[in-house]
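Beneath this line is the structure, given in structure tokens, with notes to follow.
In the numbering used here, the protein residues as written are -16 to 69.
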């Protein structure tokens, strides 16, 4: 797939170690590691496990996730940089 792949999400669940369990509309289940993004004051909020667990599918852009203060991750990164769960 291209660098700008965008696949709608059906479900997202927070996992230990700042990872996300993602179910895409293609029925692929993947795990995305958010830890490299947790830098600075804005993304730094994700270090708090209680805050990290508030992740949800973006209500307007169904191909990415977001947190309460609108931190998000580019859809193509979520899809392309995640690991397939077998």
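Beta carbons are placed, not taken as given, at the ideal position from N, Cα and C, and that holds for glycine.
None of these values were measured; they are calculated from a predicted model.
Discussion item. Just to confirm my understanding: we take residue 57, look at its own chain, exclude 5 residues before and 5 after, and list those with CB closer than 8 Å. What are they?
Written reply: For the purposes of this step, residue 57 is taken as residue 74 along the chain shown, with counting starting at 1. Result list for residue 57: 47, in chain order.
Worksheet item: So what does residue -4 bridge to, in DSSP terms?
Response: Residue numbering aside, residue -4 sits at position 13 when the chain shown is read from its first letter. According to DSSP, residue -4 bridges with 4.
Item to complete: Determine contact between the stretch -13 to -6 and the stretch 17 to 35, defined as no fewer than three beta-carbon pairs at a distance below 8 Å.
Response: no
Worksheet item: Cα separation between residue 41 and residue 0?
Response: As a working mapping, residue 41 is identified with position 58 in the chain shown. As a working mapping, residue 0 is identified with position 17 in the chain shown. The straight-line gap from Cα to Cα measures roughly 22 Å.
Practice prompt. Let me know if residue -15 comes out buried or exposed under the rule of 16 or more other beta-carbons within 10 Å of its beta-carbon.
Written response: Residue -15 sits at position 2 when you count from the first residue of the chain shown. Low confidence applies to residue -15: its pLDDT is 48, below 50, so where it sits in the model is not reliable enough to give any reading.
Worksheet entry | Runs of beta strand (DSSP E) lying entirely within the stretch 2 to 58, each at least 3 residues, in chain order | As far as the stretch 2 to 58 is concerned, its whole beta strand (DSSP E) runs of at least 3 residues are 2 to 7 and 12 to 16.
Item to complete: Compute the Euclidean distance between the alpha carbons of residue 62 and residue 16, then round it to the nearest angstrom.
Response: As a working mapping, residue 62 is identified with position 79 in the chain shown. As a working mapping, residue 16 is identified with position 33 in the chain shown. Answer to the nearest angstrom: the Cα atoms are 11 Å apart.
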